[in-house]
Structures are given as structure tokens and as C-alpha cells.
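Here the sequence shown stands for residues 197 to 315, numbered as in my numbering.
Note that the Cβ used here is the ideal one computed from N, Cα and C, for glycine as well.
In what follows, a single structure is set out as C-alpha cells and then discussed.
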Amino acid sequence: MSPDARPEGTLIVGNGIFVKGEIESCQTLVVEGRVEASLTADHLKVRSGGVFRGRAVVETANITGDFDGDLTVRGLLTIEASGRVSGTIRYAEIMIKTGGQIRGDIGVGPALVAGEDVA
């Protein structure tokens, strides 16, 4: 994908890159490397080989790599075949493809389904 084709507000943490801290002004976070952070964004994509550790509150999440921590997805959480999600997970909708793994404190967040704000 050329840089001009990327949606505005996209942060890509490339393979071999480590980011630690708080990420707030980001529409889409794409993790190909390693992130230890607190994230508030519209979309989270953890690609194969990518690792996210921490807390994330997002509209949608697509996990092909590893997520460990607190994850709140106000919309659809998709765990791909190679995806692994662990921790405290709340979502409005979920799709787990064959081979995808999820473990921890997991559930449909009643406030998420009702459309209330979770922060």
C-alpha cells in the first residue's frame, strides 16, 4: 500500500519496532511489531507476528497476532485463525475463525450492546 493510499490517522508500528506509552490521537493502529500501551482509537489491527500488550478501547478490532490485556470493542471483534487474545475482553459482537484462540474474562458488554459509552 502506498503512503498516499493510507487512511488519515493511521499509525503503523512496523516489524521490529517497539512502542510503549499512551496512544490517543489515532484513528487506526496497525501492529506488526510490538506495542505496550493504553490505546483509544476507532480501529485496532494486530497483524501476524504483531504483539499488543496493555489496554485498548476501540470500535473494531481484527486480531491475527497476539493481544494480551484489557480489550473493549464497541463493535465487532474478529479473531483470525492465527490470532490469540487473552485478558479481560468485552465486545458487542465477535467472530472467531477456526484456529483463533481467546481466553480470560470474556463477555458481551451490556453497555456496549446498549450503545452506552465505556471508558
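Item checked: Closest residue to Ile213 among Val254, Ser234, Val226 and Thr294 (Cα-Cα distance) -> Val226
Item checked: Minimum C-alpha distance to Asp238 - residue among Gly279, Tyr287, Thr284 and Arg270 -> Arg270
Margin query: Using only the alpha-carbon positions, how far apart do Ser204 and Leu235 sit?
Written below: Position check: residue 204 holds Glu in this sequence, whereas Ser was assumed. Cα to Cα, the separation comes out at about 17 Å.
Item checked: Sheet register partners of Glu289 (DSSP bridge) -> Answer is Leu272, bridged to Glu289.
Notebook entry, point to check: Below 9 Å between beta carbons: does that hold for Gly283 and Gly300?
Noted result: yes
Next item on the list: Quick one: measure Cβ to Cβ for Val242 and Ile259, integer angstroms, because I've assumed they're closer than 8 Å.
Entry: About 5 Å separates the two Cβ atoms, so the contact holds.
Checklist line | Those residues which DSSP pairs with Ser278 across a bridge | finding: Partner(s): none; Ser278 has no beta bridge.
Notebook entry, point to check: CB-CB under 8 Å to Leu207, same chain, minus the five flanking residues each way: which ones, in chain order?
Noted result: Ile219, Cys222, Thr224, Leu225 and Val226
Margin query: According to DSSP, is Ile213 part of a helix, a strand, or is it coil?
Written below: coil
Note to self: Which residue marks the beginning of the beta strand (DSSP E) containing Gly250, and which one marks its end?
What the structure shows: Per DSSP, Gly250 belongs to the beta strand (DSSP E) from Val247 to Ile259.
Check: Under 9 Å between the Cβ atoms of Leu273 and Thr256?
Finding: yes
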